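Peer 1: Residue numbers (my numbering): 4 to 1031.
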């Protein structure tokens, strides 16, 4: 109690602070009385009616633990506002009459809410479900929108319970709101959160429409109850001593008295074997729309509305919104023949006979005949015999188990039901994949009116334990199962046989990635598209959506919004405000890359590569916001789920493996060689194998960063399109941009249709190539891909931006740099020069001459490899490049003996003194040795010709034979001293105050720069001994 009081005190203090910070004053929490009264009036309340009010703290408010709320029997606005200031939310009993369920005898409206859907989707969900326009909709100020359908006059509570339950099942709404005395939020009041922030509940639509019960009852299908079989066999259990081995069978579709019950036969034997899309699809072309199928009504003449005919695949019910026809498959076949009413008597039997033939099941025996005899007379009917042979359990009233015979000697009497599972299932699809396939089943608990679609993998069938786990995951509830391994195997064998008989044994394919499949089909949880962007479904494509992909990580799946022709323009217009004139082209290029990513499979299969993208810039420039907005074109969740951060390369690979043509952005990857190497190999989709898991990428990836990705490795750098962002734009437009992102993926079908117009992209590449003469050839192609799709998007929405011209003006000048051309030899030379500044390369392994630079390859390559780990070349490949560039290899050159001697000599120069005559005392110069070297043309080093040397340039020869003249002129490969050495010499001169006494050319030779002047001072041009 004391802890609760402290929590209340702390919360109160926090709320006071929040209230102060947000300037929430009492006036702000006043109820909008006009909205509250409009809400009640729309529900049929009149002046003087009792309004049963409730007020509760938010569920995450600690005070809600002990405070169960407040009640009132009338609406008192002053009381409501007092409750609000205490931090309570305001509710009322929609149907009125009292606070308890037993008080409510008649009901005013049906309603639903969805906390788990985006509000934009909630607002128009009724359209996707084929429901009429709601009477009113209330934005609660929280996560949900409340939609109401008000009756013309209140209906009996029993009728309301069924209809409300069916509405929630149809819409997959909150199942908790089906009690008659249900309370909902009152419009005009405030949604108060535990942290003290508030949002007002508001009416967002009020059509004023009223509906009759029969009208709504006809539209909202009744909840499907999973069909169950009658006891079709008395099966002997291995451990049941009371069961007779020769127990008789009861035929499906009959009672124990063997009199046919065709309605029961329909529900239990025919309907489970009919697929709505196949049955109704024989008579009209059906298209998947949400959870149902739509098409032209085949019943009434002259029908041409492609969406008037609606089919619910779960219940097999149909309805035409034009002619008003509706019902089950029996009614459909009857009306299809131009008849009215419903079939009766012999007509009913004839229609059932037609359906039985379509379902592949025999009609029950109309004669009072022993069912065993009928089985013997009909050898084509093997299902019951198969079940008996397998000793498989059967279904009864939503359970799975066995019928066991008691002590009675009479046939079909004294049967007792022995359940083994408190759930039942039927196989809807058989699937195949690399994991061994499995089944799609429709399953339900015996105590539940609703059923669920569940994926059962082959590994789930290995044992009852695995099978039960799969059922639990699908139902989201606990189940009981006492089947043995043999019994489960028998049950699955029989159910699979029934599937083959009812559905022709059609085998579907389980997806191995979200998004685009190997045949071009797009498969998401809520919709499928053809490779041309047309809406389709699994009955046509043969692909079955399977959740929970990913060997090591949970992989997200995009959720495309309903098709919306205005979605793309809405996004671009909102982005123009946010990014401003300085960043709008950059944003369009990011969008262009995302749209190109939708064509990833086409592009990669054609080119064997796909460009990466790197929006970069200082913090706050909007690069990540641009990536999020562009990714929202893929799905309502992709602005967040398509961004990856703080992850491992293994997880990145798993995301790219488990998705198809779905662009990802890696936000702020670490600046490491490992990331640069990844960026290089992913360009060509190189797979990765980790502990037997072969990770083959099927989707592209880009990067947002403050630094340039691949800046330290030319081979990586040329594979990435870099897009710089600068500070500009208007952050006040961000909310509108976020709102546009919710519906942006409604443009996805149109983006798919863009395809890969290779010739048009080649035209863009040809325009860019003259501006990129110094760059690697792939740079122009990378830019062309992104630029083409960016301009295509701009044209689709009527935008005036010209991304191609912007790229020419802004990106091409930056990319047209020979340093960025990906030349391995040039990259090697750049790294050698970098190592010079660190004293890792010097006169012991490098000498500069008038036309060549000599490198002791063994030493220089070791230093480069150890420091930089270049991945695109090695010592052997460089040797060939040197010769191709006009250089020579395997030449004998004299170098200083070792790095240690050179560095020691340089240090000695700083401390040397003078002799008695005042002459500087020269330290011992480093020894020299002859080494096999590479000679690289001097122009590759951007140093120009050596002017200090006066010796005649010679062409060194290979070491095959000694050349005294060559050896005497090795000094042609000496050069100027490093900047650091010159600085040290000047300092030495200043210290000794003896300008001119130290000959710089002599000192340079000690750093790897023996010039002709030093040879002349030595006095022996043919001797290789260093001067003393």
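For each residue, glycine too, the CB sits at the ideal point set by N, CA and C.
The model shown is predicted, which means the values in this text are computed figures rather than measured ones.
How many Å lie between residue 544 and residue 738 at the Cα?
Peer 2: 39 angstroms
Peer 1: Helix, strand or coil for residue 177, going by three-state DSSP, please let me know.
Peer 2: coil
Peer 1: Out of 855, 856, 656 and 842, state which residue places its alpha-carbon closest to the alpha-carbon of residue 866.
Peer 2: 842
Peer 1: Name, in chain order, the residues that DSSP records as bridge partners for residue 398.
Peer 2: 403
Peer 1: Take residue 617 and list the residues in its own chain whose beta-carbon comes closer than 6 angstroms to its own, dropping the five residues that flank it on each side.
Peer 2: 706, 712, 723 and 725
Peer 1: Please work out which residues of its chain come closer than 8 angstroms, Cβ to Cβ, to residue 171, disregarding the five sequence neighbours upstream and downstream, and give them in chain order.
Peer 2: Excluding sequence positions up to five before and after residue 171, its CB lies within less than 8 angstroms of the CB of 115, 177, 178, 180 and 181, all in the same chain and listed in chain order.
Peer 1: DSSP three-state label for residue 804, please.
Peer 2: coil
Peer 1: Can you give, in chain order, each stretch of the alpha helix (DSSP H) that sits fully within the segment 606 to 691 and has at least 4 residues?
Peer 2: 626 to 634, 641 to 644, 652 to 660 and 676 to 685
Peer 1: Straight-line CA distance for residue 468 to residue 491?
Peer 2: 10 angstroms
Peer 1: Just to confirm my understanding: we take residue 607, look at its own chain, exclude 5 residues before and 5 after, and list those with CB closer than 8 angstroms. What are they?
Peer 2: 613 and 688.
Peer 1: Could you tell me the alpha carbon to alpha carbon distance between residue 914 and residue 926, rounded to whole angstroms?
Peer 2: 10 angstroms
Peer 1: Beta carbon of residue 37: closer than 7 angstroms to some heavy atom of the ligand SAH?
Peer 2: With respect to small molecules bound, the structure shown includes none, and the ligand SAH cannot be examined in it.
Peer 1: Considering only the beta carbon of each residue, do residue 662 and residue 517 sit closer than 8 angstroms?
Peer 2: yes
Peer 1: Leaving aside the five residues before and after residue 320 along the sequence, list all residues of the same chain whose C-beta is less than 8 angstroms from its C-beta, in chain order.
Peer 2: So the qualifying residues of the chain are 224, 225, 314, 329, 330 and 331.
Peer 1: Quick one, which of 609, 778 and 268 has its alpha-carbon nearest residue 758's?
Peer 2: Cα-wise, what sits closest to residue 758 is 609.
Peer 1: Sort 130, 149, 899 and 165 by Cα distance to residue 118 and report the nearest one.
Peer 2: 149
Peer 1: Which residue's Cα is closest to the Cα of residue 547: 99, 511 and 909?
Peer 2: 511
Peer 1: How many Å lie between residue 810 and residue 904 at the Cα?
Peer 2: 53 angstroms
Peer 1: How close, in whole Å, do the beta carbons of residue 57 and residue 94 come, if the pair is a contact with beta carbons under 8 angstroms?
Peer 2: That belief holds up - the Cβ atoms of residue 57 and residue 94 are roughly 4 angstroms apart, short of 8 angstroms.
Peer 1: Where in the segment 113 to 185 do unbroken runs of the beta strand (DSSP E), each at least 3 residues long, occur, reported from the N-terminal end onward?
Peer 2: 139 to 142 and 148 to 159
Peer 1: Less than 8 angstroms between the beta carbons of residue 463 and residue 582, yes or no?
Peer 2: Result no, Cβ atoms of residue 463 and residue 582 do not sit closer than 8 angstroms.
Peer 1: Cutting at 7 angstroms between CB atoms, please list the residues of its own chain near residue 121, excluding the five before and the five after it.
Peer 2: So the qualifying residues of the chain are 639 and 745.
Peer 1: Which residue from 796, 819, 751 and 685 puts its Cα closest to that of residue 777?
Peer 2: From the listed residues 796, 819, 751 and 685, the smallest Cα separation to residue 777 is found for 819.
Peer 1: Find out if the Cβ-Cβ distance for the pair residue 672, residue 703 is shorter than 8 angstroms.
Peer 2: no
Peer 1: Per the DSSP calculation, residue 726 is bridged to which residue(s)?
Peer 2: 618
Peer 1: Rounded to a whole number of angstroms, what is the C-alpha to C-alpha distance between residue 530 and residue 472?
Peer 2: 27 angstroms
Peer 1: Got a sec: is the Cβ-Cβ distance from residue 719 to anything in chain C below 8 angstroms?
Peer 2: Going by chain labels, chain C is absent from the structure shown, which holds only one protein chain.
Peer 1: Going by beta carbon distance, what residues of the same chain come within less than 6 angstroms of residue 145, once the five residues before and after it are set aside?
Peer 2: 194
Peer 1: Can you give me the C-alpha to C-alpha distance between residue 891 and residue 929, rounded to a whole angstrom?
Peer 2: 26 angstroms
Peer 1: Sorted by chain position, which residues of the same chain lie with C-beta nearer than 7 angstroms to residue 90's C-beta, five sequence neighbours on each side aside?
Peer 2: 18, 60, 64 and 195
Peer 1: How many Å lie between residue 981 and residue 862 at the Cα?
Peer 2: With a pLDDT of 33 at residue 981, under the threshold of 50, the modelled position of this residue cannot be trusted, and the question is left open.
Peer 1: Beta carbon of residue 3, beta carbon of residue 87: below 8 angstroms?
Peer 2: Residue 3 lies beyond the stretch modelled for the chain, which goes from 4 to 1031, so this question has no answer here.
Peer 1: Since residue 190 contacts residue 39 with CB under 8 angstroms, what's their CB separation in whole angstroms?
Peer 2: 6 angstroms
Peer 1: Determine the direct distance from the alpha carbon of residue 812 to that of residue 880, and round the result to whole angstroms.
Peer 2: 37 angstroms
Peer 1: Helix, strand or coil: how does DSSP classify residue 799 here?
Peer 2: helix
Peer 1: What residues in its chain sit with their C-beta under 8 angstroms from that of residue 832, if we drop five residues either side in the sequence?
Peer 2: Result list for residue 832: 939, 943 and 944, in chain order.
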